[in-house]
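*Asks:* Counted from 1, the sequence shown has number 161 at position 107 by the numbering used here; the numbering is strictly sequential.
Every residue gets a Cβ at the ideal spot worked out from N, C-alpha and C, and that includes glycine.
Note that the coordinates shown come from a computational prediction; the quantities given were computed from them, not determined experimentally.
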Amino acid sequence: MSETPPASYDPSAATRIQVTLTDLLKIEPAALTVPAGKPVTFVVTNTGTVFHEFTLGDAADQTAHDKEMMANGGMSMPKDEPNAIGVEPGKTKELTYIFAAPGQTLAGCHVIGHYAAGMKAVITIK
Ligand SMILES: [Cu+2]
């Protein structure tokens, strides 16, 4: 995989990107551009009425996380991870991450059925 979780970084130097999770099973915006090698803080708001999550990673990571979610019933995340947060309805949470190298990756929501319905965003790392 082309990403690494944040090691040490200056939070004030992070690029901040607003993201919205919706009950229409969308991550908005559906296309994001982030810098490589610098901390990026995603400010993730769930505007819906059900739990959603925001998981960073390539297609293989997304598939692995989907299986992990299914093993736990598919409705919530047991705990946040360095590349994934769950966001309750009406709440905003932040996830800071460093994308190591230029390329492309994804963000997805893995509440049961959401990813398959298209709840994902394409992230271009420059
Ligand atoms: Cu969702």
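Please report the straight-line C-alpha distance between VAL73 and THR87, rounded to a whole angstrom.
*Replies:* Roughly 12 Å between the two C-alpha positions.
*Asks:* According to DSSP, is GLY172 part of a helix, a strand, or is it coil?
*Replies:* In the structure shown, GLY172 sits in coil (DSSP, three-state: anything other than H, G, I, E or B).
*Asks:* Quick test of your reading: HIS168 and THR109, contact by CB under 8 Å. State the CB separation rounded to the nearest angstrom.
*Replies:* With 8 Å as the limit, HIS168 and THR109 do not qualify as a contact, their Cβ atoms being about 11 Å apart.
*Asks:* Please enumerate, following chain order, all residues with a beta carbon closer than 5 Å to at least one heavy atom belonging to ligand 1.
*Replies:* Result (chain order): HIS106, CYS163, VAL165, HIS168, MET173.
*Asks:* If contacts are defined as beta-carbon pairs under 8 Å, then GLU251 and PHE96 qualify, I think. What distance do you get, rounded to the angstrom?
*Replies:* Outside the shown range of the chain (55 to 180) lies residue 251, about which nothing can therefore be said.
*Asks:* Can you give me the C-alpha to C-alpha distance between LYS80 and GLY102, rounded to a whole angstrom?
*Replies:* Answer to the nearest angstrom: the Cα atoms are 10 Å apart.
*Asks:* When you compare only the Cα positions, how much space is there between SER130 and HIS106?
*Replies:* Roughly 8 Å between the two C-alpha positions.
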